[in-house]
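Visitor:
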Amino acid sequence: MEFLAIGDIVADTFIKLLHDEAKVTCDVHQEHCELTMHFGDKVPYESATLLPAVGNSPNAVVSASRLGLSAGILTWLGGDRMGEECKAQLVKEHVMMDHVITEQDKLTNSHYVLWYPPDRTILIKHEAYSYQFPAELTVPKAVYLSSLGEAGLGLHDPLADWLDAHPDVLFAFQPGTFQMRAGMERLLRIYARTNVFFANKEEYQRILATEEESEKKLMEMMRAKGPGIVFLTDGGNGAYAMSERGAWKIGLYPDPRPPFERTGAGDAFASTATVALMLGKTVEEALAWGPTNSMSVVQEIGAQKGLLFKDALLAYLAKAPDFKAEAI
Numbered sequence: 037m038e039f040l041a042i043g044d045i046v047a048d049t050f051i052k053l054l055h056d057e058a059k060v061t062c063d064v065h066q067e068h069c070e071l072t073m074h075f076g077d078k079v080p081y082e083s084a085t086l087l088p089a090v091g092n093s094p095n096a097v098v099s100a101s102r103l104g105l106s107a108g109i110l111t112w113l114g115g116d117r118m119g120e121e122c123k124a125q126l127v128k129e130h131v132m133m134d135h136v137i138t139e140q141d142k143l144t145n146s147h148y149v150l151w152y153p154p155d156r157t158i159l160i161k162h163e164a165y166s167y168q169f170p171a172e173l174t175v176p177k178a179v180y181l182s183s184l185g186e187a188g189l190g191l192h193d194p195l196a197d198w199l200d201a202h203p204d205v206l207f208a209f210q211p212g213t214f215q216m217r218a219g220m221e222r223l224l225r226i227y228a229r230t231n232v233f234f235a236n237k238e239e240y241q242r243i244l245a246t247e248e249e250s251e252k253k254l255m256e257m258m259r260a261k262g263p264g265i266v267f268l269t270d271g272g273n274g275a276y277a278m279s280e281r282g283a284w285k286i287g288l289y290p291d292p293r294p295p296f297e298r299t300g301a302g303d304a305f306a307s308t309a310t311v312a313l314m315l316g317k318t319v320e321e322a323l324a325w326g327p328t329n330s331m332s333v334v335q336e337i338g339a340q341k342g343l344l345f346k347d348a349l350l351a352y353l354a355k356a357p358d359f360k361a362e363a364i
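So for the sequence shown, this note's numbering puts the first residue at 37; every next one is plus one.
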């Protein structure tokens, strides 16, 4: 196993809303937007699409598998029909199943995506699994940690112990909702051991408890907490990276098509950049790999359908020779 993802698995149901039945209102800066519908009504919707085996870490492991790595996942699911569908989907994507744990008395996580094209609001619920750290864990080249439910907070301590015992393992961290809520101090050992860190600009500000607007300063602040290489995404403004060698910025991949559905763009970016580093690419090259896969993902519904295989990703990069990171 080269790439081991750790995190919750979910089944997403995409509910495509009708623009006549809901509306989005934003402030004058087109920020702080709210989705509204008539309370108490029966609201018509256009369609509902079920996508099993998704979530930050499952998306990452499928990305790594399609990019050519032997990839597995440590995750927990319920002993229900949805759990079986999730496992079948992982097998279809050639994901190694050694550390997929089924808890028969629990349900599999289900999320509901209110899709108001091209963006969405996700209703989330994480089941309270046992989150026992395995007595024996395969030692991969890289561990990729992302979203865990609130009950999984205690898993981070034995994981930190395991990472300390395996210093040669590349550790990538893309914190999820509950990990950010836990706070920097609670997960200080995780941040200190992180080799590669991923978050968007708003998440940096939340984690660091700052209103700092400078992307470069935010990355410097995060590196001071331990991570050696940090990546920061900022939606339509592009992405940034910093290591001990310097800092870089890149825009969006030059694709004339507007995004169709944005779920999973961040997961595609983070997992693809991690794989690029594992394959010996520079930070600057990884900064170009990430948004290329994100571009493909946002052209499809859900987080996984648009994930690229390695040959396709390289072909996209070859079509845009000027798509390169610039030093800042």
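Ideal placement from N, C-alpha and C gives every residue a C-beta, glycine not left out.
1. Are proline 153 and glutamate 249 closer than 8 Å when you measure CB to CB?
2. Quick one: what's got a C-beta closer than 8 Å to lysine 360's C-beta in the same chain, skipping five residues either side?
3. Starting from lysine 59, trace the beta strand (DSSP E) both ways and give me its first and last residue.
4. For the segment 164-207, which segments carrying the beta strand (DSSP E) assignment without a break, of at least 3 residues, lie completely within its bounds, in sequence order?
5. Would you identify the three-state DSSP class for leucine 139, choosing helix, strand or coil?
6. Within 10 angstroms of its Cβ, does glycine 185 collect 16 or more other Cβ (buried), or is it exposed?
7. I need the straight-line Cα distance from lysine 237 to lysine 52, nearest angstrom please.
8. Using a Cβ-Cβ distance under 8 Å, would asparagine 236 count as near chain B?
9. I believe phenylalanine 169 touches leucine 189 by the beta-carbon criterion, under 8 Å. Please report the beta-carbon distance rounded to the nearest angstrom.
10. So, helix, strand or coil for isoleucine 337, using DSSP?
11. For valine 333, which of Leu315, Pro294 and Pro357 has the nearest alpha-carbon?
12. Lysine 128 by DSSP, collapsed to three states: which one?
13. Am I right that methionine 255 and leucine 268 are in contact with their C-beta atoms under 8 Å? What's the rounded C-beta distance?
14. What residue does the alpha helix (DSSP H) around isoleucine 226 start on, and which one ends it?
15. Our contact map puts valine 97 next to alanine 41 with C-beta atoms below 8 Å; I'd like the distance itself, whole angstroms only.
16. Can you list, in chain order, the residues of its chain with a C-beta nearer than 7 Å to that of threonine 299? Leave out the 5 residues immediately preceding and following it.
17. Within a Cβ cutoff of 8 Å, which residues of the same chain sit near histidine 202, ignoring the five residues on either side of it in sequence?
18. Name the one or two DSSP bridge partners that valine 90 has.
19. How would you call cysteine 69, buried or exposed, if buried means at least 16 neighbouring beta carbons within 10 angstroms?
20. By a C-beta neighbour count over all protein chains shown, 10 Å radius and 16 as the cutoff for buried, is arginine 102 buried or exposed?
Guide: Let me spell this out:
1. no
2. Ile286, Glu320 and Ala324
3. 59-61
4. 178-181
5. Before going further, note that residue 139 is glutamate rather than leucine in the sequence given. If DSSP states are grouped into helix, strand and coil, glutamate 139 belongs with the strands.
6. buried
7. 27 Å
8. The chain inventory of the structure shown lacks chain B, comprising one protein chain alone.
9. Incorrect: roughly 12 Å between the Cβ atoms, too far for contact.
10. coil
11. Pro294
12. helix
13. 6 Å
14. 224-229
15. 4 Å
16. Val149, Arg156, Gly338 and Ala339
17. Val175
18. Val46
19. exposed
20. buried
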